[in-house]
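Numbering (the UniProt record's numbering), first residue to last: 1 to 356.
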């Protein structure tokens, strides 16, 4: 992703500060001591604790003081500091998908030597429906394609507040229907298309999975990474992890205010909160991955319980020492990269071999 000179300078300052903390036992002990304290019997990963300590100093995760356009640039800056190096062995190309409101920008990732037709992951990026784009999640999509040996198609759906709810939902559903209908054009096996996303992208993946029930084409699998599934924010984890864990209650409110506007009733709409849908019967199998120190954690747990009760095959894995957004931070915290690789292997295996 392209950063401005000022943004590159801020990234360098943050990296220098991180190196200084790591190399100074005294400073590290003072900054990380309280950050590594147990919460409900669990302790955050040590490298993640350092990332949190840096955020305490730099306030990088608090985007509320910025207009949406600047907030997007700031998120891109933060991701560039913590992501893994771009993997080789993957062909990346822009494309466009057909949407009801016009063409939807997208990007394809094809690992070297992958024959067509192949399994495909239709990926929806996170960012609270306001921030995030193809570039913030480019490195993750490369990793997903290379390590999963799958074709990845990342969707650049419309963002709020320029395009409020349900614009993102409309784009996500249109993108899936277009890829499934024109699968041969993309080198995709139409029977092996997964929808996958992190945070807001997990929300869109779950919503598409529900909206396409009974249609000629539907996802073979939904993979939800610390998903946002209930915009009423009524679950216990929202109170326990309301502050200090990168994604805060104040930031969630900021995102939702931009996404929904002033109409609070929209937050209970099934296309906004799939956990509150009248029925989830007939949804595709689901893999749901949550983070232990995440206000959204209990939403994912509740959704798996709801799917299972409705007879849908669903599996939940909680990455207990992680925080929200950890799949993008593998360049800073080794454990984040390792956990992300495990997610990719499990998702690719379920897509290729079937859910069991």
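C-beta: ideal position from N, C-alpha, C; glycine also.
Just so it is clear, the structure is predicted and the values come from calculations on it, not from any experiment.
Which of helix, strand or coil DSSP assigns to residue i
i           : result
residue 259 : helix
residue 338 : helix
residue 124 : strand
residue 181 : helix
residue 114 : coil
residue 52  : helix
residue 62  : coil
residue 57  : helix
residue 250 : helix
Residues near residue i by beta carbon distance below 6 angstroms, same chain, minus five either side
i           : result
residue 35  : 49, 52, 53
residue 183 : 190
residue 81  : 11, 14
residue 125 : 132, 137, 201
residue 297 : 237, 290
Beta-carbon proximity list for residue i, same chain, < 8 angstroms, skipping 5 on both sides
i           : result
residue 271 : 165, 166, 169, 207, 211
residue 232 : 267, 268, 273, 276
residue 45  : 321, 322, 333, 335, 336
residue 61  : 55, 78, 246, 247, 248, 251
7 angstroms CB neighbourhood of residue i in its chain, flanking five on each side removed
i           : result
residue 68  : 130, 161, 258
residue 178 : 97, 98
residue 301 : 290, 316
residue 348 : 148, 149, 150
residue 77  : 3, 7, 10, 11
residue 235 : 298, 299, 302
residue 158 : 167, 168, 171
Nearest neighbour of residue i, chosen from the options [CA to CA]
i           : options            : result
residue 308 : 281, 294, 144      : 281
residue 83  : 353, 340, 355      : 340
residue 196 : 43, 327, 3         : 327
residue 188 : 217, 297, 324, 21  : 217
residue 214 : 153, 284, 7        : 284
residue 324 : 235, 279, 248      : 248
residue 225 : 22, 176, 245, 319  : 319
residue 203 : 186, 192, 193, 222 : 222
residue 192 : 265, 47, 252, 152  : 152
residue 342 : 287, 304, 107      : 287
residue 41  : 292, 313, 329      : 292
Residue span of the beta strand (DSSP E) that contains residue i, given as start and end
i           : result
residue 223 : 221–225
residue 141 : Element bounds for residue 141: not the beta strand (DSSP E) but the alpha helix (DSSP H), 138–148.
residue 280 : Taken as a continuous stretch (DSSP letters only), residue 280 belongs to no beta strand (DSSP E), as it is neither H nor E.
residue 269 : Neither: residue 269 is in no beta strand (DSSP E) and is coded neither H nor E.
residue 322 : 314–323
residue 151 : 151–155
residue 97  : 90–97
Range of the contiguous alpha helix (DSSP H) that encloses residue i
i           : result
residue 22  : 5–23
residue 299 : 297–309
residue 201 : 200–211
residue 80  : 68–82
residue 237 : 236–240
Minimum Cβ-Cβ distance from residue i to chain C less than 8 angstroms
i           : result
residue 186 : Considering every chain present, this structure includes no chain C. It has just one protein chain.
| field | Any 3 or more C-beta pairs closer than 8 angstroms across the region 88–97 and the region 141–149 | value | yes
| How about the region 56–66 and the region 109–116: do they share at least three Cβ pairs that are nearer than 8 angstroms? | no
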